[in-house]
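J.:
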Amino acid sequence: MHRVVHEDPRIPPLPDDVAGVVRGCLSRRPEQRPTPAGVLTALIPVHPVKLPTATTMHFPTRVVEPTPSSSTFADPPAPAHLPTERQPPTRPARLPEQPVGPTFTTSRTWSVLMTLWLTLFTVSMGLFSNSSARMGYEGQALVCWLISLVGLRMLAWRLPFLFSRKVRLVVSADGLTTTRAGRTGSVPWSSVSRIRLVGHGRRIWLVVWIDPARAGELPASRRRFHGGHRIFPVAQGSTNRRRIRQLGELRAALTWYAGRLFDENY
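So that you can map any letter, position 247 of the sequence shown is 375 in this note's numbering, and since no number is skipped, the others follow by simple counting.
1. Using C-beta distances below 7 Å, list every residue in its chain close to ARG308, excluding the 5 sequence neighbours before and after it, in chain order.
2. Distance check for ILE172 and ARG131, CA to CA, integer angstroms please.
3. Could you name the residues of the same chain whose beta carbon sits closer than 6 Å to that of VAL335, not counting the 5 residues immediately before and after it, in chain order?
4. Looking only at its own chain, which residues have a Cβ that is under 8 Å from the Cβ of PHE291, when we skip the five neighbours before and after it?
5. Give a yes or no on whether the C-beta atoms belonging to SER314 and ASP339 are separated by under 7 Å.
6. For ALA147, which residues from the same chain have a beta carbon less than 7 Å from its beta carbon, with the 5 sequence-adjacent residues on both sides left out?
7. Just to check my reading of the structure: ALA381 and VAL299 have Cβ atoms closer than 8 Å, yes? What is that Cβ distance to the nearest angstrom?
8. For the beta strand (DSSP E) that contains TRP333, what are its first and last residues?
9. For PRO162, which residues from the same chain have a beta carbon less than 8 Å from its beta carbon, with the 5 sequence-adjacent residues on both sides left out?
10. Going by the beta-carbon positions, is the gap between MET406 and ARG286 smaller than 7 Å?
Quick look at the structure:
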């Protein structure tokens, strides 16, 4: 930008008449630049170029070979029409339709992290208790031992969530769809008589009372609740914030799609 404003343009070697036109077009002052008509007038005189005369130009002669007459070669035989069997059009395989609606899934990420932390905490407290007992600090060793017992109790409570199976629930306008241990099943709302959230604290289940004729179509837990099927654990083993959020979203979805079946006495 500095060279454009303060320095002269660098023009390569050009003929005198062309160089003058280019230098005038690149002038910084608008009044010194030529008009388009002036540019055309300056470029009209063109140096004549002497073309070679007709006697000095030699064109290569082209030898045209005679084409064979139609009588030289016989006409090719007509292609034989082979019988072809018409294949019926193949229809693409129809993929099963996936239910569309609010989707809820369980997660074991928080359970894995908490299990690792509790394991390290319990082991470290046990080692600290042993070292304190060897050094003669009986009171400190007893306190560390009790703390390690508490960590071991919390670890035992957390292990079932660590090995629990992942469950996926879809609430749609057609019904409920669950996926558990690689098995997917669906039931329409017409086969459901009641829906309720049961449990307390960190163990909340979605329980569904289904028509006995279609009870085996929906994968659920083996444990029953007064004849109902436990089909989805609401954020069990997760943080309290995620459990409250998923519980609110599930209640809203059930109220929207199955308001007459959803028992809100939770």
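Ideal Cβ positions, reconstructed from N, Cα and C, are used throughout, including at glycine.
T.: In short:
1. ARG293, VAL295 and PRO347
2. 32 Å
3. ARG324, VAL326, PHE353, GLY356 and ARG358
4. none
5. no
6. ILE139
7. 4 Å
8. 331-338
9. VAL149, GLY152, CYS153 and ALA170
10. The question about residue 406 has no answer, for the chain in this structure spans 129 to 394.
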